[in-house]
Each structure stands twice: as structure tokens, then as C-alpha cells.
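Here this note's numbering is used: the sequence shown runs in plain steps of one and ends on residue 194. Ideal placement from N, C-alpha and C gives every residue a C-beta, glycine not left out.
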Amino acid sequence: MSEDLAEVATLISAWPFVAADWAGAGVVPFGEDVLHSPTQTVTSFTDDLATIADYMVEVMHERDGIGLAANQIGLPLRMFVHNMPRVAPPVIVNPRIIESSGTWEFSEGCLSMTVDGTHALLKRPKRLVVECLDVKGRPMRIEADEYLSRVFQHEIDHLDGVVYAERLTGDHRDRVFKLMRLAGVPVDKLDDLT
Ligand SMILES: [Zn+2]
1 MSEDLAEVAT LISAWPFVAA DWAGAGVVPF GEDVLHSPTQ TVTSFTDDLA TIADYMVEVM
61 HERDGIGLAA NQIGLPLRMF VHNMPRVAPP VIVNPRIIES SGTWEFSEGC LSMTVDGTHA
121 LLKRPKRLVV ECLDVKGRPM RIEADEYLSR VFQHEIDHLD GVVYAERLTG DHRDRVFKLM
181 RLAGVPVDKL DDLT
């Protein structure tokens, strides 16, 4: 972790509505309220916001993730980062899905899920059109297919307070929930979206 971590932790804990316990402490696990509540629209595009986004990218890479939502570091803001900067800007703010089509099955997991074996196949729309802002507040329209689309849907779910396990069905759901219960994850925090 960079030496700027302490500075970032201070920034995060100073945010007016932050879950301060998690400021700079890594990735928030399933069961913490900040992960199961909708995030707030970003209205201010300051250098602090860019610093926090950089920190999120660092945490994502350190944990070998493919995406990370702001509430996964304890900050309930509508912003996420992903690891495909060649196909879409790396920081996505205030995303809104305006179109989706098709169906695509893919295996999902989550940095907030620390229990082994909880990746699971999940069907979601294949293609998306998203309207959002970049970290400077500039509007963007992004068309995403398959893998990129999946990462966007997983992260936008986080920003709405939804985790992928809530969308699982059938045997996949039974298996993942059983593993979570055995590991002591408070699954009662997960709503049934199916
Ligand atoms: Zn996740």
C-alpha cells in the first residue's frame, strides 16, 4: 500500500456520511451496513474525489480485483473503478443503466466475499448502455458487452446496496448461502431478489 494511505484514510473518515470504521482499512466484507445500503449521488468533483478514486484503484489491484465500488471501502458514494481502462475510463461516477439487452451467463465473485468457493454462475443482461460521469464530472455514454458489461452490472449493484449473492438462484444460491452460513457471514442481511 502506498505511503499516501494515511492521507486517504483521513480524507475518507472526514467525509460527512462515511462509515468511519472502514476508512483505509481495506475492503468491507458482506454484512456491514454500508455494503447493503444505496450510495449517494456524487455532486462535488474535487481533487479529494480523484485521490479517493486512485486509492480505490490501488486497493483493487492489491486484491487482484476486476472492479471495486466506493462503499466497498466504506464510502457510500455512487462511484466505482474497474481494471479495463483500455475499453472504458477507469473511474465511473453516478452510473445509470439506460438500456440493457440479451442474456449472458458468467461466473461472479466479490472482493467483499472472503469465503472460498463462493464464485457462482449468474445470468444477467449481455449488453448495456450506461450514462455516467468521469472523475472530473464530464458526462459519458458507454456501451458495454459481455465481460465489461458484467463488471459494470456487478459494481452498479453494489452502488444500489445489492451484492451478487442476492441474485443467485437454485443450486448456485443454495451452495453459496450454505458456505456463507458455515463461515459465519450474516446472510440475513441479504435480501431475496429472485
Ligand atoms: Zn463485488
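Item, Value
"Who are the Cβ neighbours of Q153 in its own chain at under 6 angstroms, not counting the five residues just before and after it?", "R124"
"On the premise that V185 lies in contact with F30, defined as a C-beta separation below 8 angstroms, what is that separation, rounded to the nearest angstrom?", "5 angstroms"
"Using only alpha-carbon positions, find the residue among D47, V27 and G137 that is nearest to V59.", "V27"
"Would you mind working out which of I92, P38, D160 and M180 sits nearest E131, comparing C-alpha positions?", "I92"
"With a CB to CB cut of under 8 angstroms and the five nearest residues on each side skipped, what residues in its chain are close to W104?", "K123, R124, P125, K126, E146, S149 and R150"
"Could you check the C-alpha separation between D134 and G74 for me, to the nearest Å?", "20 angstroms"
"Have a look at A120 and Q40 and give me their C-alpha separation to the nearest angstrom.", "29 angstroms"
"Would you call the CB atoms of F45 and K136 closer than 8 angstroms?", "yes"
"Could you tell me the boundaries of the beta strand (DSSP E) in which A53 lies?", "Counting along the chain, A53 falls outside any beta strand (DSSP E), though it belongs to the alpha helix (DSSP H) covering D47 to E62."
"With distances taken from CA atoms, which of N71, G170, C110 and R141 is nearest E99?", "R141"
"Do you know offhand how far D174's Cα is from R181's?", "11 angstroms"
"Do H61 and ligand 1 come close, with the Cβ less than 7 angstroms from some heavy atom?", "no"
"What does the alpha-carbon distance come out to for the pair V162 and S37?", "8 angstroms"
"Assuming K123 is part of the beta strand (DSSP E), what are its boundary residues?", "A120 to R124"
"Pick helix, strand or coil for D134, following the three-state DSSP scheme.", "coil"
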